[in-house]
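Using the working numbering, the first residue of the sequence shown is number 44, and each one after it goes up by one. Below is one structure, written out as structure tokens, with a few remarks after it.
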Amino acid sequence: PEYQFLHQVSTVGSWILALGLILMAWNLIRSSFRGPVADNNPWQGTTLEWDTTSPPPLLNFNHEVIVTRGPYDYEESTH
């Protein structure tokens, strides 16, 4: 009787947690089968990780990559 209220709060909290996990699993399953497939570069990124296909092949690039800009390219984008 001393901890009955805390047990009840814990039980309700576990139901809320279970509901959240069920919703997350449902959304994952639904998203796997519905909706458009994302492009290789959906945000038009200009860094090296966006220059390969998705998922990347074993060695990422079939040729040696030539880097033409610095690591922080904060110029205005042209898209």
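Using N, Cα and C, we set each Cβ at its ideal position, and we do this for glycine too. In this text, all values refer to a predicted model and were calculated from it rather than measured experimentally.
Locate the alpha helix (DSSP H) running through residue i, then write down its first and last residues.
i, result
"Phe48", "Gln47 to Phe76"
Taking a contact to mean a Cβ-Cβ separation below 8 Å, would you say residue i touches residue j in this structure?
i, j, result
"Thr96", "Asn105", "no"
If residue i sits next to residue j, beta carbons under 8 Å apart, how far is it from one beta carbon to the other, in whole angstroms?
i, j, result
"Val108", "Leu91", "6 Å"
Got a sec: is the Cβ-Cβ distance from residue i to anything in chain C below 8 Å?
i, result
"Pro79", "Within the model displayed, chain C is absent; a lone protein chain is all it includes."
Tell me whether residue i, by its Cβ, gets closer than 7 Å to a heavy atom of the ligand SAH.
i, result
"Arg112", "Summarising the ligand content, the structure contains no ligands, and the ligand SAH is consequently not present."
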